[in-house]
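To keep things clear, I will list the structure first and then write my remarks on it.
Next up, the structure:
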């Protein structure tokens, strides 16, 4: 009964490929997020969706496109992968934007390696 | 722009010691502050959440304090154990990021030696 689940856990792919990462939460939360953890272990937000609507879109290349088919799912599609995209991508959710009252719940991450 | 700093970057202590991890943030207008734990190759586990109106939260051997006016939080771990070895991350949600931007520090890597 994982709260926030991401697939795949590991992804190794060649430069130039297109790949997707999927995220699902069964907490009934309204808001979902994608965070990127770089090689120096620093976590930074990429996107946030509230009830399927995009509310945060940080400075991320256009090659990254999030999609939220419903409020329990948030997927991340990456086109034309580059070496610099190698990182761990975390999905998270909160009951409302800003994580008031109950904070944020994170998935276990997807380690993307571009070769 | 909100910035979160954690000191020290790494800490090594013998088992049984009490220890304090520090977190500071530049803008006191926050909704809440959350402490996470990250084990190598794993996701983030939420430890404690402190709302902006609260001064501290406790869970077992962990106690987190918040002084919003000075922009500081501490995570106190009592009677440390080898199983406490992990990276501890502090993060705030501020009004400027009212749409949900959780801003992280770079973490403190804790090693507890038997």
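Protein chains in written order, with our numbering: chain A, 1 to 115; chain B, 1001 to 1114.
The beta-carbon is built from N, C-alpha and C at its ideal position, and this holds for glycine as well.
As computed with DSSP, residue 1058 of chain B is found in a beta bridge with B:1063. For the region 66 to 92 of chain A, the set of positions with a beta-carbon nearer than 8 Å to some beta-carbon of chain B reads 90, 92 in chain order. Going by DSSP, residue 111 of chain A is part of the beta strand (DSSP E) stretching over 110 to 114. If you look at residue 77 of chain A, you'll find it in the beta strand (DSSP E) that goes 73 to 78. In terms of Cβ geometry, residue 34 of chain A and residue 47 of chain A form a close pair [threshold 8 Å]. In this structure, the straight-line span from the alpha carbon of residue 1077 of chain B to that of residue 44 of chain A is close to 26 Å. Under the three-state reduction of DSSP, residue 1047 of chain B is assigned to strand. Straight-line measurement puts the Cα of residue 8 of chain A at about 19 Å from the Cα of residue 1038 of chain B.
Neighbours of residue 1060 of chain B across chain A, judged by C-beta separation under 8 Å, do not exist; the nearest C-beta is about 17 Å away. Contact with chain B is found for residue 45 of chain A, since one of that chain's Cβ atoms lies less than 8 Å from the residue's Cβ. Using a Cβ-Cβ distance cut-off of 8 Å, the region 88 to 105 of chain A and the region 1007 to 1022 of chain B are not in contact, since fewer than three pairs of beta carbons, one from each stretch, lie closer than that value. For residue 66 of chain A, the enclosing beta strand (DSSP E) has its first and last residue at 64 to 70.
For residue 19 of chain A, the CB contacts under 7 Å within the same chain, skipping 5 residues up- and downstream, are 11, 13, 78, 81 in chain order. For residue 100 of chain A, the neighbours in chain B by C-beta distance under 8 Å run, in chain order, 1031, 1032, 1051, 1093. Any Cβ of chain A closer than 8 Å to the Cβ of residue 1044 of chain B would place that residue at the interface, and such an atom is present.
DSSP places residue 1084 of chain B within a helical segment (H, G or I) once states are collapsed to three. For residue 1068 of chain B, same chain residues with a beta-carbon under 7 Å away, outside a window of 5 residues either side, are 1028, 1030, 1052 in chain order.
Bridge partners of residue 24 of chain A according to DSSP: A:5, A:73. The distance from the Cβ of residue 1025 of chain B to that of residue 1071 of chain B is about 5 Å, consistent with a contact at the 8 Å cut-off.
For residue 1022 of chain B, the enclosing beta strand (DSSP E) stretches over residues 1019 to 1025. 8 Å or more divides the Cβ of residue 1015 of chain B from the Cβ of residue 1085 of chain B.
Contacts with chain A at 8 Å (Cβ-Cβ) do not include residue 1068 of chain B. Taking a contact as a CB-CB distance under 8 Å, the pair residue 1108 of chain B and residue 1088 of chain B counts as one, their CB atoms being some 5 Å apart. The beta carbon of residue 1114 of chain B lies closer than 6 Å to those of 1015, 1082 in the same chain, with the five residues before and after it left out.
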